[in-house]
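Protein chains in written order, with the numbering used here: chain P, 1 to 158; chain Z, 159 to 316; chain R, 317 to 474. Take a look at the structure below.
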Amino acid sequence: MTMDLATWLDLQNLYSDYALALDAGDLDRWPGFFTEDCLYTLQSRENFDRGLPLCTLRFESRGMLMDRVYGVKDTIYHDPYHQRHVVGAPRVLAVGDDGIRSEAGYVVLRTKRDAMAEILSTGRYLDRIVKTDEGLRFAERQVIFDNDLIPNSIIAPI
Amino acid sequence: MTMDLATWLDLQNLYSDYALALDAGDLDRWPGFFTEDCLYTLQSRENFDRGLPLCTLRFESRGMLMDRVYGVKDTIYHDPYHQRHVVGAPRVLAVGDDGIRSEAGYVVLRTKRDAMAEILSTGRYLDRIVKTDEGLRFAERQVIFDNDLIPNSIIAPI
Amino acid sequence: MTMDLATWLDLQNLYSDYALALDAGDLDRWPGFFTEDCLYTLQSRENFDRGLPLCTLRFESRGMLMDRVYGVKDTIYHDPYHQRHVVGAPRVLAVGDDGIRSEAGYVVLRTKRDAMAEILSTGRYLDRIVKTDEGLRFAERQVIFDNDLIPNSIIAPI
């Protein structure tokens, strides 16, 4: 796999599309951003930096992502809220046979009914992205959040 | 109209230029980002998602934008503050005879004198952009904010 | 110096790389983003807009940046925290013999141990960037923050 301008824009678009789909509450689209045997983790920076395995969320296939979507939509009882991702431009770390490795900083704001927006999470995405017949997809997306504390719970994916 | 790399960068630049002009307090430049018969709305996500017409602000021509600028600068009495937009990369939804349809997530921070910055608004832009002799311009810019509550008032445009 | 698509992406990458290196706490990389005889300032918008000289930080060479890194890492006693920059796409203001002049809006979030993320600083970068043998580098980076108040101190660079 090589990096050219068109691929960079595809990469940028994957990041934007992912963020805006989640912010629209369009959870059913979420697993489709990943490959079949993907890895998605949501982990504190404290644990990531120490190489510790514990994650807040860890899904090891697209099927597990679909299960999470089912959980969020039909099982978990929680106060409704909107999310808003603002994500920096992705920075390409490496391009090789196993895809593009890239990272980007993010902030996710949460807005509950009749309340002001507040910071839900900040951190970075650390990704491995591969080219598939349907376009670029996440083979790995590690979400590493700066704040050890999570206000209440993380319900929708970051 | 077709989408190529150069057009994508023009689009990205329009978004950045718009945000930075407003953040500089350069309100006189604001109407110039729009076509003569543009539509600019600022609407809560709650109303937008239900298809309800009520907007916090609704302007249906460049002339109305100019009138708003006059109001902000010379009529409305308010506590002065600075704005800071941080806007995600635009995502192109469609390209056709009527222009580019695109969206982008945003957060706007407000800073008053002798106070810390706070979140004024988060949401997304939903736009229709056309090519004019002066470059890309907004034929429609719908600002859809996530938070139902507005802290005090929206004075300057988002 | 001319602006083409490849240069624009190099510019975008410089901005991202800078932000992510700082957020990773990788301060030793910081001086390397600048030219040998660079200028780095951190200044309130209030002073910048009035043309006043007083800056919160002002460094006039890469050697002074290295001295600051030494100070941050080995001298200043402070509560540890993580930073997270989210930076808008750069907007090119001018391209000439003295390099690229560009600006970008930013928000920097600060997260302390066992605490929620909070807004540390918002503002814009105003830059002059030159092409060197090692790629694009900052000849000048002026950080102009909107908020007059700084919560506690600025330790790590913005």
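Cβ atoms here follow ideal geometry from the backbone N, Cα and C, with glycine treated the same way.
- Taking a C-beta cut-off of 7 Å against chain R, the contacting residues of the stretch 269-281 of chain Z are T269, R271, D272, A273, M274, A275, listed in chain order.
- Closer than 8 Å at the C-beta level to chain P, one finds these residues of the stretch 330-356 of chain R: Y331, S332, D333, A335, L336, D339.
- Taking the C-beta atoms as reference points, D127/P is found no nearer than 8 Å to S44/P.
- Residues of chain R whose Cβ lies closer than 7 Å to the Cβ of G105/P are, in chain order, A335, L336, D339, R400, H401, V402.
- Membership of Y40/P in the beta strand (DSSP E) is indicated by the continuous run 34-44.
- By the 16-neighbour rule on beta-carbons within 10 angstroms, H398/R is buried.
- Assignment of D395/R by DSSP, reduced to helix, strand and coil, places it in the coil class.
- Against chain P, the CB of A322/R has a partner CB under 8 Å away; the residue lies at that interface.
- Non-local C-beta neighbours of V69/P in its own chain, meaning closer than 8 Å and more than five positions away in sequence, comprise L27, D28, W30, P31, ordered along the chain.
- Listed by position along chain Z, the residues whose Cβ is nearer than 8 Å to that of Q12/P are A247.
- Taking 8 Å as the cut-off, the Cβ atoms of A19/P and V87/P count as close.
- Our two residues, L52/P and Y331/R, have alpha carbons roughly 30 Å apart in a direct line.
- Distance from the Cα of M432/R is smallest, within the candidate group T111/P, I154/P, T122/P, for T122/P.
- The distance from the Cβ of L22/P to that of H85/P is about 6 Å, consistent with a contact at the 8 Å cut-off.
- In this model, R453/R and F350/R are separated by some 5 Å (Cα to Cα).
- The distance from the Cβ of Q458/R to that of T357/R is about 5 Å, consistent with a contact at the 8 Å cut-off.
- Apart from sequence neighbours up to five positions away, no residue of its chain approaches G379/R with a beta-carbon distance below 7 Å.
- By the C-beta density criterion, A322/R is exposed, having fewer than 16 other C-beta atoms within 10 angstroms.
- Looking at D237/Z, I287/Z, F303/Z, the one whose alpha-carbon comes closest to that of S260/Z is I287/Z.
- V253/Z has its alpha-carbon roughly 23 Å from the corresponding atom of D207/Z.
- By the neighbour-count criterion, in which a residue is buried when 16 or more other Cβ atoms sit within 10 angstroms of its Cβ, P406/R is buried.
- If you draw a 10 Å sphere on the C-beta of L212/Z, you find fewer than 16 other C-beta atoms in it, and that means exposed.
- Taking the C-beta atoms as reference points, L39/P is found nearer than 8 Å to E60/P.
- Relative to the Cα of E46/P, the nearest Cα in the group F145/P, H78/P, I76/P belongs to F145/P.
- Here R271/Z is exposed, its C-beta having fewer than 16 other C-beta atoms within 10 Å.
- Considered as a whole, the stretch 415-460 of chain R harbours no complete run of any alpha helix (DSSP H) with no fewer than 4 residues.
- Against chain Z, the CB of L109/P has a partner CB under 8 Å away; the residue lies at that interface.
- N147/P belongs to the set of residues whose beta carbon lies under 8 Å from a beta carbon in chain R.
- Residues of chain P with a Cβ closer than 9 Å to the Cβ of P309/Z are, in chain order, M116.
- For R361/R, the nearest beta carbon of chain Z is closer than 8 Å to its own beta carbon.
- Cβ neighbours of R282/Z within its own chain (closer than 6 Å, five residues either side excluded): E261, G263, I302.
- Secondary structure at A94/P: strand, using DSSP grouped into helix, strand and coil.
- Looking from the CA of E194/Z, the closest CA among I312/Z, I313/Z, K289/Z, N310/Z belongs to K289/Z.
- Distance from the CA atom of I277/Z to the CA atom of E298/Z, rounded to whole angstroms, is 25 Å.
- Taking a C-beta cut-off of 9 Å against chain Z, none of the residues of the stretch 132-145 of chain P qualify.
- Residue pairing for F59/P: DSSP places it in a beta bridge opposite Y40/P.
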